[in-house]
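Okay, structure first, notes after.
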Amino acid sequence: MYGFAAQRKQLLEVELERLSIEMPPLGAMRVSLTGDLAVNRVTPETALELVVIQATDQPFRRRADFWTTHLRPRLDTSFFVYTPEEYEELVDTDPLLMAVERDGEVIIG
């Protein structure tokens with residue numbers, strides 16, 4: 022349907038702005054936008070995909086829960102949370118982090 026992608030993009034950008042204000046006080050050291058919005062390939066189903074650098078001792082599989090619980094995203098949002106050390110170690114081998122470096126947009130940090 023015509024116009025829904027443009028409307029979705031606007032909604033995603035508004036939500037991204039809200040999150041970018043709320044994340045630093047909660048411990049986000051760096052946040053990068055990745056995925057379809059980062060490369061301007063928005064459809065009505067596009068979600069926010071954020072790579073978060075945070076000092077944490079939580080297991081990887083539980084880290085996104087913190088952000089979902091505290092921010093209560095209003096749109097479909099995925100948080101991929103790495104410690105600074107993990108990011109540095111994996112940036113050249115992890116496909117997601119390689120995409121962030123290639124196509125992502127740093128929102129915080």
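Residue numbers are given in the numbering used here: position 67 of the sequence shown equals residue 88, and the series is strictly consecutive. C-beta: ideal position from N, C-alpha, C; glycine also. In this text the structure is predicted, and so the values were computed from the model without any measurement.
When DSSP labels each residue in this structure, what does GLU106 get in the three-state scheme?
-> On the sequence shown, position 85 is the one that residue 106 refers to. The answer is helix: DSSP assigns GLU106 an H, G or I state.
Coarse secondary structure for GLY122, derived from DSSP in three states = Mapped onto the sequence shown, residue 122 falls at position 101. Per the sequence shown, residue 122 should be read as Glu rather than Gly. Helix at GLU122.
Helix, strand or coil at GLU70 [DSSP, three-state] | As a first step, residue 70 must be located in the sequence shown, where it is residue number 49. In this structure, GLU70 counts as strand in the three-state DSSP scheme.
State the DSSP-derived secondary structure class of ARG139, mapped to helix, strand or coil.
-> Only positions 22 to 130 of the chain appear in this structure, which leaves residue 139 out of reach.
LEU96 vs LEU32 beta-carbon contact at 8 Å = For the purposes of this step, residue 96 is identified with residue 75 of the sequence shown, where counting begins at 1. For the purposes of this step, residue 32 is identified with residue 11 of the sequence shown, where counting begins at 1. Yes; because the gap between Cβ atoms is below 8 Å, this pair is in contact.
Hey, how far is the Cα of THR114 from the Cα of GLU70?
-> Translated into positions along the sequence shown, residue 114 becomes position 93. Translated into positions along the sequence shown, residue 70 becomes position 49. Roughly 19 Å between the two C-alpha positions.
Beta-ladder partner(s) of LEU54, from DSSP = By 1-based counting over the sequence shown, the position of residue 54 is 33. Looking at the DSSP assignment, LEU54 forms a beta bridge with LEU71 and GLU126.
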